[in-house]
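Structure, as structure tokens:
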Amino acid sequence: MSNPAATTDELFFRRTGLESRQVDGIVAEALAGADDGELFLEYRQSESLSLDDGRIKSASFDTAQGFGLRAVSEDAIGYAHACDLSVAALKRAAQTVRAVRSGHSGIAAMPPVGSDRALYADLNPLTPIPFANKVKLLEDMDAYARQRDPRVCQVMASLSGSWQAVRIVRADGQHASDLRPLVRLNISVMVAVGQRMESGSHGLGGRVGYDGLLAPETWRAAVDEALRQALVNLDSVEAPAGDMTVVLGPGWPGVLLHEAIGHGLEGDFNRKQTSAFAGMIGQRVAAAGVTVVDDGTLLDRRGSISIDDEGTGSAVNMLIEDGILKGYLFDRMNARLMQTQPTGNGRRQSYANQPLPRMTNTFMLAGNQPPEEILASVKQGLYAVNFGGGQVDITSGKFVFSATEAYQIENGKLGAAVKGATLIGNGPDVLTRVAMVGNDLKLDAGVGSCGKDGQSVPVGVGQPTLRIDGLTVGGTSV
Numbered sequence: 126m127s128n129p130a131a132t133t134d135e136l137f138f139r140r141t142g143l144e145s146r147q148v149d150g151i152v153a154e155a156l157a158g159a160d161d162g163e164l165f166l167e168y169r170q171s172e173s174l175s176l177d178d179g180r181i182k183s184a185s186f187d188t189a190q191g192f193g194l195r196a197v198s199e200d201a202i203g204y205a206h207a208c209d210l211s212v213a214a215l216k217r218a219a220q221t222v223r224a225v226r227s228g229h230s231g232i233a234a235m236p237p238v239g240s241d242r243a244l245y246a247d248l249n250p251l252t253p254i255p256f257a258n259k260v261k262l263l264e265d266m267d268a269y270a271r272q273r274d275p276r277v278c279q280v281m282a283s284l285s286g287s288w289q290a291v292r293i294v295r296a297d298g299q300h301a302s303d304l305r306p307l308v309r310l311n312i313s314v315m316v317a318v319g320q321r322m323e324s325g326s327h328g329l330g331g332r333v334g335y336d337g338l339l340a341p342e343t344w345r346a347a348v349d350e351a352l353r354q355a356l357v358n359l360d361s362v363e364a365p366a367g368d369m370t371v372v373l374g375p376g377w378p379g380v381l382l383h384e385a386i387g388h389g390l391e392g393d394f395n396r397k398q399t400s401a402f403a404g405m406i407g408q409r410v411a412a413a414g415v416t417v418v419d420d421g422t423l424l425d426r427r428g429s430i431s432i433d434d435e436g437t438g439s440a441v442n443m444l445i446e447d448g449i450l451k452g453y454l455f456d457r458m459n460a461r462l463m464q465t466q467p468t469g470n471g472r473r474q475s476y477a478n479q480p481l482p483r484m485t486n487t488f489m490l491a492g493n494q495p496p497e498e499i500l501a502s503v504k505q506g507l508y509a510v511n512f513g514g515g516q517v518d519i520t521s522g523k524f525v526f527s528a529t530e531a532y533q534i535e536n537g538k539l540g541a542a543v544k545g546a547t548l549i550g551n552g553p554d555v556l557t558r559v560a561m562v563g564n565d566l567k568l569d570a571g572v573g574s575c576g577k578d579g580q581s582v583p584v585g586v587g588q589p590t591l592r593i594d595g596l597t598v599g600g601t602s603v
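So my numbering is basically just the index in the sequence shown, starting at one, shifted up by 125.
Set out below in structure tokens:
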């Protein structure tokens, strides 16, 4: 494994002709008198390949580079970015951001560093695997799905990867570097019987290389899972509606936790008092046994980062412990304004974007109940295993989520699969309705992406099996 600093030296200095000392001087002068700020340098390679019904539908490869220079004074921000890594572009950016610096005392001290160990191999997944091998992978997935069941009428598969190198330069001359691989494989299968058509999908990935995805046992399992979901939906009945007990399966259903609760714990919403959780540190916000963490230090996970996009080391942050709210997620600016420490959650989509408080891998820790006991405890209700899209209002905490795979629960046993079920509730209220927490914590397969203020970043979610009492289910059958 090579040194990230050496790799970024090559990309941002020797290759471009920039001199590190000269860049340090430009940054120091641009941020003199500001409260905070940094220079964010980025180089990224990305590719994607998609197949639809046995034919390659699209293929792309892109290389991008650039910088973003930010000066922060109180909550005012000056930001300039460019794709030109040159002294002239940096000096022009410096003139722009200096507009917010007057009247301030200087840069805040560097925050305590969390776990800045390398969380993923120093590899570029785009380079070692020939393009023809990637095409064959998607073609093999299509053929395998059709061979598995004659009811398969359409197959869509995609493979994507990226490699990002970043360098953060601060006004005090400190540098931080990171190299971030990321891959993802997706498969969608549609089945038909007569006039009825249903679909299922599955994806996996992480901060690893392509090798694992190319293994037949890996991609075949992904196809099998997508086909299983499609066949389940083919036999589904209309979903019931009303207030009922809902059991959430482990793993991906943690996306509901991410959206309905996680965003409300981000520092900017709480500083501005627009979150339902604002001002509630130390108070009970969830049932006993509910513990939620945001952990950016997990090896190879999609949401993991060695350092955030301000140079703060990644960390394990306790958000809710045994039902008590313990903390929020902070970037540097919101931490300073709330007189606390940054948590390693300042993240941005690219050099063209400013950092915001964002989640990494957010999940609920395991409890004590076996999942079969949780199901057996429900006389009548809904078991939701997979989710699609949803909407959340951060201020009120209200949410609506669509279940893509769900089942009726009748006398403690799984009944018919249902379609069209939506979960409707309020994030803070739902946490208080958690009646049982399973011992089967599972993280998602590595496909999560989170949007906020027009920026998308990779994230992870997870949870054990949960029983939630009195949750509203929207459906088409009463």
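Here a beta-carbon is modelled for each residue, glycine too, at the ideal position from N, C-alpha and C.
Go through its chain and collect everything with a Cβ distance to L462's Cβ below 8 Å, but skip five positions before and after it. E199, D200, R396
Under a three-way DSSP split, which group does A460 fall into? The answer is helix: DSSP assigns A460 an H, G or I state.
Report the option in I293, Q289, E264 whose CA atom is closest to the CA atom of V280. E264
For G404, tell me which candidate among L424, G452, K504 has the shortest Cα-Cα distance. G452
How about Y508 and I549: do their beta carbons lie closer than 8 Å? no
If distances are taken between C-alpha atoms only, which option among L352, T343, G286 comes closest to S313? Comparing alpha carbon positions, the residue from L352, T343, G286 closest to S313 is L352.
Rounded C-beta distance between A189 and R217? I'm assuming under 8 Å. No, A189 and R217 are not in contact; Cβ-Cβ is about 19 Å, not under 8 Å.
Residue range of the alpha helix (DSSP H) that P496 falls in? 496-501
Cα-Cα separation, T520 to S324: 34 Å
Using 8 Å for Cβ pairs, my map puts L310 next to L284. What's the rounded Cβ distance? 5 Å
Whole-Å CB distance - L304 paired with S287, under 8 Å assumed: That pair is no contact at about 11 Å.
Is A257 buried or exposed, if buried means 16 or more other CB atoms sit within 10 Å of its CB? exposed
Report the rounded CA-to-CA distance for H388 versus V572, giving the unit in angstroms. 18 Å
Just to confirm my understanding: we take L444, look at its own chain, exclude 5 residues before and 5 after, and list those with CB closer than 7 Å. What are they? L390, V417, V418, D419, K451, G452
Quick check: what's the CA-CA separation for E350 versus K261? 20 Å
Which one of Q580, D578, N511, G522 has the shortest CA to CA distance from H327? N511
Candidates G392, G331, A412: closest to P482 by CA position: G392
Whose C-beta lies closer than 8 Å to the C-beta of P375 among residues of the same chain, with five residues either side of it excluded? P496, G563, D565, L566, K567, G587, Q588, P589, T590
Using a Cβ-Cβ cut-off of 7 Å (strictly less than) and excluding sequence neighbours within five positions of F402, which residues of its own chain qualify? For F402, same chain residues with a beta-carbon under 7 Å away, outside a window of 5 residues either side, are G389, L390, N395, V410, L450, P553 in chain order.
Checking 8 Å against the spacing of the C-beta atoms, do G330 and R472 come in under that value? no
Leaving out five residues before and five after H229 in sequence, what residues of the same chain have Cβ atoms less than 8 Å from its Cβ? In this prediction, H229 has a pLDDT of 46, which is less than 50 and means its spatial position is unreliable; nothing more can be read from the coordinates.
Please report the residue range of the beta strand (DSSP E) in which V291 lies. 277-294
Do you know how far the Cα of E384 is from the Cα of Q191? Correcting the residue type first, residue 191 is Gly in the shown sequence and not Gln. Each residue's Cα considered, the two are about 31 Å apart.
My output table needs one value for V260: the three-state DSSP class, helix, strand or coil. helix
Identify the residues that DSSP records as bridge partners of S326: which are they? BP columns for S326 point to S313.
If you scan the segment 358-383 from start to end, which runs of the alpha helix (DSSP H) of 4 or more residues do you find wholly inside it? 379-382
Exposed unless 16 or more other CB atoms sit within 10 angstroms - verdict on P583: Burial call: buried.
Assumed close pair E144, F138 - CB separation to whole angstroms, cut-off 8 Å: 7 Å
Just list the residues that DSSP pairs I519 with in beta bridges. The partner list for I519 (beta bridge, DSSP) is empty, contrary to what the question assumes.
Could you give the DSSP three-state label for P306: helix, strand or coil? strand
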